[in-house]
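Enquirer:
Chains as they are written, first to last, in this note's numbering: chain D, 1 to 10; chain L, 11 to 222.
1) Quick check on DSSP: helix, strand or coil for residue 19 (chain L)?
2) Within its chain, find whatever has a CB closer than 6 Å to the CB of residue 43 (chain L); leave out the 5 residues flanking it on each side and keep chain order.
3) Would you kindly report the start and end of the unbroken beta strand (DSSP E) that includes residue 153 (chain L)?
4) Could you list which residues in chain D have their beta carbon closer than 9 Å to that of residue 77 (chain L), in chain order?
5) Which chain D residues are close to residue 70 (chain L), counting only those with a beta carbon under 8 Å from its beta carbon?
6) Looking at the strands, I want to know which residues DSSP matches up with residue 219 (chain L).
7) How many Å lie between residue 159 (chain L) and residue 220 (chain L) at the Cα?
8) Going by the DSSP bridge assignment, what does residue 60 (chain L) pair with across the sheet?
9) If you run the structure through DSSP and keep just helix, strand and coil, what is residue 223 (chain L)?
10) Would you identify the three-state DSSP class for residue 187 (chain L), choosing helix, strand or coil?
11) Which bits of chain D does residue 188 (chain L) rub up against, with CB to CB less than 8 Å?
12) If contacts are defined as beta-carbon pairs under 8 Å, then residue 80 (chain L) and residue 162 (chain L) qualify, I think. What distance do you get, rounded to the angstrom?
13) In angstroms, rounded to a whole number, what distance separates the CA positions of residue 61 (chain L) and residue 137 (chain L)?
14) Determine the direct distance from the alpha carbon of residue 25 (chain L) to that of residue 165 (chain L), and round the result to whole angstroms.
15) Take residue 168 (chain L) and list the residues in its own chain whose beta-carbon comes closer than 7 Å to its own, dropping the five residues that flank it on each side.
16) Please tell me whether residue 206 (chain L) has its Cβ less than 8 Å away from any Cβ of chain D.
17) Output, in chain order, the set of chain D residues within a Cβ distance shorter than 9 Å of residue 121 (chain L).
18) Can you tell me the Cβ-Cβ gap for residue 113 (chain L) and residue 132 (chain L), rounded? I've got them flagged as a contact below 8 Å.
19) For residue 3 (chain D), write down the residues that DSSP places opposite it in a beta bridge.
20) Using the C-alpha atoms, what's the distance from residue 88 (chain L) back to residue 73 (chain L)?
21) To be precise: take each residue of the region 127–140 of chain L, compare its Cβ to all Cβ atoms of chain D, and keep it if any distance is under 9 Å. Which residues remain?
22) Measuring straight from C-alpha to C-alpha, what distance separates residue 45 (chain L) and residue 51 (chain L)?
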């Protein structure tokens with residue numbers, strides 16, 4: 001698993 | 011949001027404000043790498059393209075606007091307002107040596123081959139190396155004013171705190187962002203040498219940090 005698709009960081 | 015990420019964002023904001031105030035109050039950007047500041051403005055521009063398309067929280071939107079505004083203001087001061095104090099001779103790092111690999115890598119390694127994702131990945135990889143011209147300039151001049159070292163300390167601390175944030179988020183919500191984590195670790199490693207000098211030299215109260 002390379003990432004959890006969540007762009008909530010700056 | 012967790013305390014590590016909040017502390018990281020605050021540390022990042024403090025770093026940017028320290029530098030901006032230093033340039034504004036001393037009315038000079040001597041010893042500051044304009045190239046690094048241009049790269050940081052590019053990092054924020056390519057990373058915050060979703061500013062108007064995605065709403066996450068008031069905090070997220072406000073901080074993005076603040077980071078963009080302050081980074082462009084810093085670039086403006088260096089290249090326009092106080093350009094006669096800009097030390098272009100010592101700010102000689104070849105940024106194409108950073109941009110070409112970063113662009114290449116972001117076309118190779120990304121989560122999705124869409125403009126937003128590739129630009130976001132580009133901004134992540136670029137941020138890891140954007141401080142290089144500044145660190146190079148310090149080695150070239152052989153010294154850095156203590157206020158510049160405080161800037162670098164908080165800038166390095168911010169991504170180190172983000173690493174703690176990623177550990178925390180992985181264990182509490184299973185959050186994992188491989189590109190951000192790998193790039194963030196590389197970025198923080200670049201500061202380790204500086205952190206050592208900062209703690210051993212500047213904390214002793216010396217006004218300038220002279221590199222060996």
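Positions of the beta carbon are idealized from the N, C-alpha and C atoms, including for glycine.
Expert: The answer reads as follows:
1) Sequence index remark: in the second chain, residue 19 (chain L) carries index 9 (1-based). In this structure, residue 19 (chain L) counts as helix in the three-state DSSP scheme.
2) Your numbering for residue 43 (chain L) matches position 33 in the second chain. These residues qualify, in order along the chain: 101, 143, 144 and 147.
3) In the second chain, counting from the first residue as 1, residue 153 (chain L) sits at position 143. First-last of the beta strand (DSSP E) with residue 153 (chain L): 153–155.
4) Reading the second chain from its first residue, position 67 is the one you call residue 77 (chain L). What residue 77 (chain L) touches in chain D: 10.
5) To locate residue 70 (chain L), count along the second chain from 1; it is residue 60. Simply 8 and 10.
6) Within the second chain, the letter at position 209 stands for residue 219 (chain L). Looking at the DSSP output, residue 219 (chain L) bridges to L:154.
7) As a first step, residue 159 (chain L) must be located in the second chain, where it is residue number 149. As a first step, residue 220 (chain L) must be located in the second chain, where it is residue number 210. In a straight line, the C-alpha of residue 159 (chain L) is about 11 Å away from that of residue 220 (chain L).
8) As a working note, residue 60 (chain L) is residue 50 in the second chain. Partner(s): none; residue 60 (chain L) has no beta bridge.
9) In the structure displayed, chain L extends from 11 to 222; residue 223 (chain L) sits before or after that span and is not available.
10) On the second chain, position 177 is the one that residue 187 (chain L) refers to. Correct three-state label for residue 187 (chain L): strand.
11) Sequence index remark: in the second chain, residue 188 (chain L) carries index 178 (1-based). Going along chain D in sequence order, the residues near residue 188 (chain L) (Cβ under 8 Å) are 2 and 3.
12) Position 70 of the second chain, counting from 1, holds the residue named residue 80 (chain L). Position 152 of the second chain, counting from 1, holds the residue named residue 162 (chain L). Between residue 80 (chain L) and residue 162 (chain L), the beta carbon gap of about 16 Å keeps them out of contact (Cβ cut-off 8 Å).
13) As a working mapping, residue 61 (chain L) is identified with position 51 in the second chain. As a working mapping, residue 137 (chain L) is identified with position 127 in the second chain. About 18 Å.
14) The residue given as residue 165 (chain L) occupies position 155 in the second chain. The residue given as residue 25 (chain L) occupies position 15 in the second chain. So the alpha carbons of these two residues sit roughly 6 Å apart.
15) Position 158 of the second chain, counting from 1, holds the residue named residue 168 (chain L). Once the five neighbours on either side are set aside, the close Cβ partners of residue 168 (chain L) are 18, 21, 22 and 25.
16) Here residue 206 (chain L) refers to the residue found at position 196 of the second chain. Among the CB atoms of chain D, none fall inside 8 Å of the CB of residue 206 (chain L).
17) To locate residue 121 (chain L), count along the second chain from 1; it is residue 111. Going along chain D in sequence order, the residues near residue 121 (chain L) (Cβ under 9 Å) are 2, 3 and 5.
18) Here residue 113 (chain L) refers to the residue found at position 103 when the second chain is read from its first residue. Here residue 132 (chain L) refers to the residue found at position 122 when the second chain is read from its first residue. Residue 113 (chain L) to residue 132 (chain L), Cβ: 6 Å. Contact.
19) Within the first chain, numbered from 1, the residue matching residue 3 (chain D) stands at position 3. Beta-bridge pairing links residue 3 (chain D) to L:187.
20) The count along the second chain starts at 1 and reaches residue 73 (chain L) at position 63. The count along the second chain starts at 1 and reaches residue 88 (chain L) at position 78. Cα to Cα, residue 73 (chain L) sits roughly 22 Å from residue 88 (chain L).
21) Of all residues in the region 127–140 of chain L, 130 have a Cβ within less than 9 Å of some Cβ in chain D.
22) Here residue 45 (chain L) refers to the residue found at position 35 of the second chain. Here residue 51 (chain L) refers to the residue found at position 41 of the second chain. Rounded to the nearest angstrom, the gap between the Cα atoms of residue 45 (chain L) and residue 51 (chain L) is 10 Å.
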